[in-house]
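Student:
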Amino acid sequence: MSSQNEQNYDFPLIPRQSFIFEDLNNILFDIINLLNTPSSQRSPLSLKKLQNLTCNIPFFKQLIQDYDEKAHFECCMCLKHIHYDKKDIVCRYGDEAEWFYIILQGKVKVFVPDEYGRKLKECTVLMTGCAFGEFALLKNRTRSATIVCLEDSDFAVLGKKDFLKILGAFTSKKFDENARFLKALPLFADWALNSLVQLSYYFRPIRFKRNQKIFLEGEPADFVYIVKNGEVEISKQNLLKSPSETIIGAHGRPLPNFKKPYIQTYNRISIIGPGEIIGDNDALNSNFYTKTCKCYSSQADLFQISSFEFKKRIRSEESLNILAEKNTFRNNHQNFAMRIIQQVQLPMRKIPKIKALSNKKLASEIKAIWHSSIKTIHRPGLNNSHRSSVSVITSPFYRDLSNHKSSESKIL
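Start counting the sequence shown at 1; every next residue gets the next number (UniProt numbering).
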């Protein structure tokens, strides 16, 4: 694929919200004092204290979870402190790579070359708890972005030699695992593994808990996500026009409706499982998300890439065709689900007396089916470990609903 020859930026693209760990301000002074102590003069007691103070920093928390505490302890032996003032340049595009950075406090902006390589363009913002700079150290390359401080910032840094010795194998292993995951997806099936190792650097792992929002309808479509583990729920806002009259009583006596002219609802239209890409259609064709996404399972692990990088790297005709086919399939399902929801939620006005009971029964059955009947659809091209999972209606009503068009308009 053409991606093999593309520029590989050395800096992660992550959400703009801050990864703030608890009581940072209270412990930052102690951390900086310990980091400013020369490595050779750090006692076992001070190293243990530094280890306890930094264990909740997102980078080290993930390191302990995926690797072991020994690597964290070795980092504490070698970490140093660097401070930069607002507007200072941490490193420049094309510089030799010397340090791996962990932001203890502050905020930095990442600038990368545009597609023509003529000028630098703002790419993302990194905040407290983020780490960057590993790719250039691993691959022995020059810096591929310029980093500028947006405010006074403090960093814990590892020199190149220490980074490769302590974290080189761990970081390479994570890149390889992510590349193998991407390789199993239809979109990346024809990519070389080497290219996917490079691409995997731009995907940041993020964990969400049940009902936690991933993105909201109407927000800027800044990121694209791939579900690694768990399930997420896709929902959409629906505005229902209130009827001008309301029917009450057994004889259908009409009364004027003085309520709001529109009723706003949020409706679940599908459940997305491992191996599915979400947000790509909005990133490619719109500036805003057209649906809301939140975590459906007890927890879900997602890979996130900025829309800027996604559009820059996923641009071959074959890849775009795969995405178009996937989105057509999903949109057809979701649009059909929305039509059913709209009919079920349609406010009651007047129903012909003869068909009222049968139509009410049909509506109640559709409601029950929608809430209880969820089935997994297997689409060709995805193996069992990365299968698509979307909610569908499995009743005969799903198949035969086209035959009820005349009655649909009268339901409720």
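All residues carry an ideal CB built from backbone N, CA and C; glycine is no exception.
Would DSSP call N287 helix, strand or coil?
Tutor: Coil at N287, not helix or strand.
Student: Which class does M203 belong to by DSSP, given the choice of helix, strand or coil?
Tutor: Looking at the sequence shown, residue 203 is not Met but Phe. Coil, per DSSP.
Student: I think A97 touches L137, with their Cβ atoms under 8 Å apart; what is that distance to the nearest whole Å?
Tutor: Rounded, the Cβ-Cβ distance is 5 Å, consistent with contact.
Student: Thinking C-beta only, is G129 closer than 8 Å to P205?
Tutor: Their beta carbons are not under 8 Å apart, which means P205 does not touch G129 by this criterion.
Student: Could you check if R313 is buried or exposed, using at least 16 other CB atoms within 10 Å of its CB as the buried criterion?
Tutor: Looking at its Cβ environment, which holds 16 or more other Cβ atoms inside 10 Å, R313 is buried.
Student: Excluding the 5 residues preceding and the 5 following K228 in the sequence, name in chain order all residues of the same chain whose CB lies nearer than 7 Å to its CB.
Tutor: Cβ within range, chain order: F181, P274, D301, L302 and F303.
Student: Which value, in whole angstroms, describes the spacing of the CA atoms of S298 and E231?
Tutor: Their backbone Cα atoms lie some 9 Å apart in a straight line.
Student: Taking only the alpha-carbon atoms, compute the straight-line gap between F308 and K139 and give it to the nearest angstrom.
Tutor: Their Cα atoms are separated by approximately 23 Å.
Student: Give the range of the beta strand (DSSP E) segment to which S153 is assigned.
Tutor: Start and end: S153 to G159.
Student: Measure the alpha-carbon distance for R315 versus I305 and round it to whole angstroms.
Tutor: Answer to the nearest angstrom: the Cα atoms are 15 Å apart.
Student: Counting along the chain, where does the beta strand (DSSP E) carrying D301 start and finish?
Tutor: Unbroken beta strand (DSSP E) run through D301: Q299 to S306.
Student: What are the start and end residues of the beta strand (DSSP E) that includes N229?
Tutor: Its beta strand (DSSP E) spans residues F223 to N229.
Student: Just verifying my parser: in three-state terms, what is the DSSP assignment at S319?
Tutor: In the structure shown, S319 sits in a helix (DSSP, three-state: H, G or I).
Student: DSSP three-state label for R268, please.
Tutor: The answer is strand: DSSP assigns R268 an E or B state.
Student: Does the Cβ of D282 have 16 or more other Cβ atoms within 10 Å, making it buried, or fewer, making it exposed?
Tutor: Buried, because 16 or more other Cβ atoms sit within 10 Å of the Cβ of D282.
Student: Please report the distance separating the alpha-carbon of Q198 from that of Q237.
Tutor: Cα to Cα, the separation comes out at about 38 Å.
Student: Looking only at DSSP bridge pairs, what is M127 linked to?
Tutor: According to DSSP, M127 bridges with K107.
Student: Less than 8 Å between the C-beta atoms of residue 415 and L120, yes or no?
Tutor: With the chain represented from 1 up to 412, any question about residue 415 goes unanswered, as that position is not in the structure.
Student: Is the CB-CB distance between I64 and C55 below 8 Å?
Tutor: The answer is yes: Cβ separation under 8 Å.
Student: Flag this pair as yes or no: are the beta carbons of I89 and F155 separated by less than 8 Å?
Tutor: Result no, Cβ atoms of I89 and F155 do not sit closer than 8 Å.
Student: Specify, as a first and last residue, the run of the alpha helix (DSSP H) that F170 falls within.
Tutor: Counting along the chain, the alpha helix (DSSP H) containing F170 begins and ends at G168 to K183.
Student: Would the segment 67-87 count as touching the segment 34-44 if we require 3 or more Cβ pairs under 8 Å?
Tutor: Taking 8 Å as the limit for Cβ pairs, the verdict is that the segment 34-44 does touch the segment 67-87.
Student: Closest to Y266 by CA distance: which of D280, H72 and E233 is it?
Tutor: Measuring from the Cα of Y266, the nearest candidate turns out to be E233.
Student: Is the Cβ-Cβ distance between I31 and L53 less than 8 Å?
Tutor: Contact: yes.
Student: Give me the Cβ distance between P186 and I322, rounded to the nearest whole Å; I'm assuming they're in contact under 8 Å.
Tutor: Between I322 and P186 the Cβ distance is about 6 Å, and since that is below 8 Å, they are a contact.
Student: Shortest alpha-carbon distance to C91 belongs to which of A179, N327, C149 and F29?
Tutor: Closest by alpha carbon: C149.
Student: With DSSP run on the structure shown, which of helix, strand or coil describes N56?
Tutor: N56: coil per DSSP, three-state reduction.
Student: With 16 as the cutoff for other CB atoms within 10 Å, does F288 come out buried or exposed?
Tutor: It is exposed - the Cβ of F288 has fewer than 16 other Cβ atoms within 10 Å.
Student: Assuming contact is defined by CB atoms lying nearer than 8 Å, are I214 and Y225 in contact in what I supplied?
Tutor: Yes, the Cβ-Cβ distance between I214 and Y225 is below 8 Å.
Student: Within a Cβ cutoff of 7 Å, which residues of the same chain sit near E291, ignoring the five residues on either side of it in sequence?
Tutor: Note that residue 291 is Lys in the sequence shown here, rather than Glu. E217, I234, S235 and K236.
Student: Leaving out five residues before and five after F73 in sequence, what residues of the same chain have Cβ atoms less than 8 Å from its Cβ?
Tutor: So the qualifying residues of the chain are L47 and Q51.
Student: Give every residue of the same chain whose Cβ lies closer than 7 Å to the Cβ of L196, excluding the five residues on either side of it in the sequence, and list them in chain order.
Tutor: Cβ within range, chain order: A179, L182, K183 and F188.
Student: If you run the structure through DSSP and keep just helix, strand and coil, what is K238?
Tutor: Checking the displayed sequence, the identity of residue 238 turns out to be Asn instead of Lys. Strand, per DSSP.
Student: Where does I31 sit, in a helix, a strand or coil, going by DSSP?
Tutor: Of the three classes helix, strand and coil, the one that applies to I31 here is helix, per DSSP.
Student: So what does DSSP say about I82, is it helix, strand or coil?
Tutor: The answer is strand: DSSP assigns I82 an E or B state.
Student: Is it the case that the Cβ atoms of W99 and L164 are separated by a distance below 8 Å?
Tutor: Cβ distance not < 8 Å, so W99 and L164 don't count as in contact.
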